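Student: Before I ask anything, here is the structure I am working with.
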Amino acid sequence: MLAPRRAPNDPGTHRPRRHERMTLPPRHVGIFGNRDKDEVRALLPSLLRWIHSKGRRATVDRSLARGVRGAGPGLPLTTLVKRVDVLLVLGGDGAMLHAARAASRTGVPIFGINLGGLGFLTDTNEESLYPVLTRLFRGEFQVERRIMVEAVVRQRGTQRAWMAVGLNDAVIHARDRSRVVAIDIGIGRTPIGTLVADGLIVATPTGSTAYSLSAGGPIVRPTMEALITTPISPHTLAFRPLLVGADESVRVRVRSGHAPAAITVDGQLSRELATSDEVTIRRAKSHVDLLVLERGSFYEVLRSKFAWAELPRSRTRRG
Numbered sequence: 001m002l003a004p005r006r007a008p009n010d011p012g013t014h015r016p017r018r019h020e021r022m023t024l025p026p027r028h029v030g031i032f033g034n035r036d037k038d039e040v041r042a043l044l045p046s047l048l049r050w051i052h053s054k055g056r057r058a059t060v061d062r063s064l065a066r067g068v069r070g071a072g073p074g075l076p077l078t079t080l081v082k083r084v085d086v087l088l089v090l091g092g093d094g095a096m097l098h099a100a101r102a103a104s105r106t107g108v109p110i111f112g113i114n115l116g117g118l119g120f121l122t123d124t125n126e127e128s129l130y131p132v133l134t135r136l137f138r139g140e141f142q143v144e145r146r147i148m149v150e151a152v153v154r155q156r157g158t159q160r161a162w163m164a165v166g167l168n169d170a171v172i173h174a175r176d177r178s179r180v181v182a183i184d185i186g187i188g189r190t191p192i193g194t195l196v197a198d199g200l201i202v203a204t205p206t207g208s209t210a211y212s213l214s215a216g217g218p219i220v221r222p223t224m225e226a227l228i229t230t231p232i233s234p235h236t237l238a239f240r241p242l243l244v245g246a247d248e249s250v251r252v253r254v255r256s257g258h259a260p261a262a263i264t265v266d267g268q269l270s271r272e273l274a275t276s277d278e279v280t281i282r283r284a285k286s287h288v289d290l291l292v293l294e295r296g297s298f299y300e301v302l303r304s305k306f307a308w309a310e311l312p313r314s315r316t317r318r319g
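Residue numbers (full-length UniProt numbering): 1 to 319.
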């Protein structure tokens, strides 16, 4: 099994570290993925046989195991992350975001296997899966810690009404995406101003290459400790993306007289907002550990998946 995990809220684990080497190979492997993807369900039987052939134990998420030969009854994801040494995530970034929220509650590391799409959070694909897992079972991986973002919505004069944690971002936006919102923004107790825009993204460094990047936000190394506030199509040139400290909080209140607003975390968890609601977005107490290969760097991943900083390809002349 992997080295003993401390509780995610343990002060000794709150500060992310660049890399930590896995001290012992995993013996019990959990498997999670999107059961609605044909490629995930097609891969699962052969993956289970291979893991068992290596003398490892494998347990599948219950919803994914349903109807798959050899998968057994499985366990709910919330239970699975308490029992296994590592969680394999089959699919793309959506599955990784879902798995990260569950894994952050127990500290179990996760490893992503991309089965289509960009898969920026995943570390390998189906073609190189088994050689990579062989390295995993030899302990030739490192653990990369990522901070998460927490969004808390409070109704004025009441206790906490809603809370969600995400790996990528929390987004304030109009319920009707064709309209704009007006929101008052503060950093900690300091008012910053009013933003009239399609919305506001508060992203982690991991999320800096997701929605925030598409909205013009900066690329930030994912192991840094910071939050990125990125306006979405602001109605002024004076409101630009802002990098704030990981120990600071972003406070938001929706102004009346404009479009009704909502908040969405990681594109998966949403809540409608009233004008009396107060939203606080900050670094979460929990974190998630991603297993990464002992090769390459973040900047090489940018080049390979985004073609970042590459010269345009020359066009063949006709003649």
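The beta-carbon is built from N, C-alpha and C at its ideal position, and this holds for glycine as well. As the structure is a prediction and not an experimental result, all values here were calculated from the model.
1. Measure the Cβ-Cβ separation of R255 and I187 and say whether it is below 8 Å.
2. Can you tell me which of L311, V265, L243 and E225 puts its alpha carbon nearest to the alpha carbon of H98?
3. For the beta strand (DSSP E) holding I113, just list the boundary residues, first then last.
4. Please state if the CB of L273 and the CB of I232 are separated by a distance shorter than 8 Å.
5. Once the 5 residues before and after R49 are set aside, which same chain residues still bring their CB inside 8 Å of it?
6. With H, G and I counted as helix, E and B as strand and the rest as coil, what does DSSP make of E278?
7. Just list the residues that DSSP pairs D289 with in beta bridges.
8. Give me the Cβ distance between E144 and A284, rounded to the nearest whole Å; I'm assuming they're in contact under 8 Å.
9. Considering Cα atoms alone, identify which of T223, T236, F32 and A164 is closest to A95.
10. Determine the DSSP secondary structure at A56, reduced to helix, strand or coil.
11. First and last residue of the beta strand (DSSP E) that includes R69?
12. Measure the beta-carbon distance from L88 to V153 and round it to whole angstroms, keeping in mind my assumption that it falls under 8 Å.
13. Give me the residue from L64, V279 and Q159 with the minimum Cα distance to I185.
14. Locate the alpha helix (DSSP H) running through D247, then write down its first and last residues.
15. Could you name the residues of the same chain whose beta carbon sits closer than 7 Å to that of V84, not counting the 5 residues immediately before and after it, in chain order?
16. Tell me the DSSP bridge mates of T264?
17. For S137, which residues of its own chain have a beta-carbon under 8 Å away from its beta-carbon, when the five flanking residues on both sides are left out?
Tutor: With the structure as the only source:
1. For the 8 Å CB-CB criterion, R255 and I187 do not form a contact.
2. Comparing Cα positions, the closest option is V265.
3. I110 to N114
4. no
5. The residues are G70.
6. strand
7. R145
8. Rounded, the Cβ-Cβ distance is 17 Å, inconsistent with contact.
9. Comparing alpha carbon positions, the residue from T223, T236, F32 and A164 closest to A95 is F32.
10. The sequence given here has Arg at residue 56, not Ala. Three-state result, R56: coil.
11. Counting along the chain, R69 falls outside any beta strand (DSSP E), and DSSP gives it neither H nor E.
12. Going by Cβ atoms, the distance from L88 to V153 rounds to 33 Å, so no, they are not a contact pair.
13. V279
14. First-last for D247: undefined, no H or E at that position.
15. H28, V29, G30, T59 and V108
16. V171 and S270
17. A small correction: the amino acid at residue 137 is Phe; Ser does not occupy that position in the sequence shown. Correct list, in chain order: P25, P26, K54 and R56.
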